[in-house]
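The structure appears right after this line, and notes come after that.
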Amino acid sequence: MDASSIIDTLTPLVPGASYEAAASVDFATIYVPAGHLLATCKALLEAPSLRFNVLIEITAADYLPREPRFEIVYHLLSIPNKHRLRLKVRVATSDIDGVVPTVQSVWLAAGWPEREVWDMFGIVFAGHGDLRRLLMPE
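In our numbering, each residue carries its 1-based index in the sequence shown increased by 118.
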């Protein structure tokens, strides 16, 4: 399943969201607006043709001096449909405090990787109940 067909499936499920396909050499990659991340993740899990039921990892990249400076990267797997997907969310330096919602309500496994991204990059996940340091000293 390529990025454009995933976007075609998501567009009616998440009204108001505008998605962007990204170039990739391995599997489908799409950019998701931060304000529609949670609704998009729920649709990715619940839509029968998608069923991305496994969150493999969450990480981030820092592209200083570019703005938006950060990209949060989610790798997802659909076991029933045998598909992989990379979601990317752009985060500007001025937007860091609470702009990205936690996806723990969709994939419980997001808790620790979100803590790691917060600890290493300072990106706060709104609604995360346990942002404590994992790697860096206080």
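Using N, Cα and C, we set each Cβ at its ideal position, and we do this for glycine too. Remember, it's a predicted structure, so these values are computed and weren't measured experimentally.
The alpha helix (DSSP H) spanning residue i covers which residue range?
{"i": "V235", "result": "G229 to F239"}
{"i": "I125", "result": "A121 to L131"}
For residue i, which residues of its own chain have a beta-carbon under 7 angstroms away from its beta-carbon, when the five flanking residues on both sides are left out?
{"i": "T127", "result": "A165, S167 and L168"}
Using only the alpha-carbon positions, how far apart do residue i and residue j sit?
{"i": "T220", "j": "V209", "result": "14 angstroms"}
{"i": "L249", "j": "R233", "result": "5 angstroms"}
{"i": "M238", "j": "V172", "result": "23 angstroms"}
{"i": "I125", "j": "L163", "result": "14 angstroms"}
{"i": "G245", "j": "A152", "result": "14 angstroms"}
{"i": "F170", "j": "E138", "result": "18 angstroms"}
{"i": "E185", "j": "S122", "result": "25 angstroms"}
{"i": "F188", "j": "S142", "result": "18 angstroms"}
Under 6 angstroms Cβ to Cβ from residue i, same chain only, skipping five residues before and after it: list those, please.
{"i": "A161", "result": "L128, L131 and V132"}
{"i": "V150", "result": "T158, L205 and V207"}
{"i": "H295", "result": "Any question about residue 295 goes unanswered here, given that the chain covers just 119 to 256."}
Please report the residue range of the beta strand (DSSP E) in which residue i lies.
{"i": "R251", "result": "Counting along the chain, R251 falls outside any beta strand (DSSP E), and DSSP gives it neither H nor E."}
{"i": "Y137", "result": "It is not in any beta strand (DSSP E) - Y137 carries neither H nor E in the DSSP assignment."}
{"i": "K206", "result": "H201 to V209"}
{"i": "T147", "result": "A146 to Y149"}
Apart from the five residues on each side of it in sequence, which residues of its chain come closer than 8 angstroms, Cβ to Cβ, to residue i?
{"i": "I190", "result": "I176, T177, A178, K206, V207, V209, V218, V235 and I241"}
Q: Determine contact between the segment 141-151 and the segment 172-181, defined as no fewer than three beta-carbon pairs at a distance below 8 angstroms.
A: no
Q: Entirely within the segment 152-197 and at least 4 residues each: give me those alpha helix (DSSP H) ranges in chain order.
A: 155-164
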